[in-house]
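In this note's numbering, the protein residues as written are 7 to 324.
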């Protein structure tokens, strides 16, 4: 049955029928159904509101979490940006420092190349000086060998001449125990004693000749008069004496310094330096010659040791 039934007012009841109230239509408004529907609607609406509230709360919480995450990400990004900026500044400083070091290295390389060129030029000059010094040494050694040969050749004539003096002039020349003194000994002066000798010592180390000792004793005035008549030593003798003194002094210094240089080597070095040879180049040549000599000695010793080792190796028995 519907909520509103059709009206029956159109049909008039007979007057003798029931009362008017009884003839009114029965109306059913359906309040129970409406109440149930309202209750269901209210429950659904409340559930909808509750779900919406929960969804809103969840969305708000999610939004807040998203905002917090975004803020944290932003903070981390800022921190990363600061770190990157620091790294960028550090890299820029490193690049600038490396560029400065590169420029310094390039300038140092250029300076080293300049020094190398100068040293090469100095080395070439020293090599030329060494070669010239070596040629000078070879020439002087050749001259000394020639001089030694001349002296040896002259010695063959000196011995017969001295024999002539001893045999015919009864004169014998001896050493007096010093480098600058000569002893002249005469014999066969006394007819009663032919073995009796008369001698005097002549000192040639000074500018003028001097007689230090003689036998028999003579008056000094007479000796001085004889010495005055003698010609003075030549300039060459003076230079030789001065050179000999210089060589003696230098040899003492060389002995103190333990340079292992003898008098002959010192004389050659002094003569070469006086003739304009560079002392540094001469020192380098001497060092090279000494080094080469040591190497030769070591090689000879090694060869001798090797030969001795080979000779002393025992043979294996079969």
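Cβ atoms here follow ideal geometry from the backbone N, Cα and C, with glycine treated the same way.
Asked: One or two residues paired with residue 190 in a DSSP bridge; Found: 179 and 206
Asked: Closer than 7 Å: residue 59 CB and nearest the ligand GTP heavy atom; Found: As for the ligand GTP, it is missing from this structure, which has no ligand bound.
Asked: Identity of the residues DSSP links to residue 217 by a beta bridge; Found: 208
Asked: Residue environment, residue 106, which counts as buried when at least 16 other CB atoms sit within 10 Å; Found: exposed
Asked: Collapsed DSSP secondary structure at residue 283 in the structure displayed; Found: coil
Asked: As assigned by DSSP and simplified to three states, the class of residue 225; Found: coil
Asked: Beta-carbon contacts of residue 260 that lie in its chain and below 6 Å, excluding the five residues immediately before and after; Found: 267
Asked: Integer Cβ distance of residue 2 from residue 210, believed to fall under 8 Å; Found: Here the chain comprises residues numbered 7 to 324, so residue 2 is not present and cannot be evaluated.
Asked: Segment contact flag, the segment 144-158 with the segment 300-309, C-beta cutoff 8 Å, min 3 pairs; Found: no
Asked: Same chain only: Cβ atoms within 8 Å of residue 338, ignoring 5 sequence neighbours per side; Found: Outside the shown range of the chain (7 to 324) lies residue 338, about which nothing can therefore be said.
Asked: Beta-carbon contacts of residue 242 that lie in its chain and below 7 Å, excluding the five residues immediately before and after; Found: Unreliable placement is indicated for residue 242, whose pLDDT of 49 sits below 50; the coordinate value is still reported in the next sentence. There are no such residues.
Asked: Nearest-angstrom beta carbon gap, residue 203 and residue 218 [assumed within contact, 8 Å]; Found: The pair is not a contact, with the Cβ atoms about 17 Å apart (cut-off 8 Å).
Asked: Coil, strand or helix - residue 231 by DSSP; Found: helix
Asked: Residue 17, buried or exposed, once every other Cβ within 10 Å from all chains shown has been counted against 16; Found: Because the pLDDT at residue 17 is just 48, under 50, the model does not fix this residue reliably, and the value given afterwards should be weighed accordingly. Classification for residue 17: exposed.
Asked: Pairwise C-alpha distance: residue 111 and residue 117; Found: 10 Å
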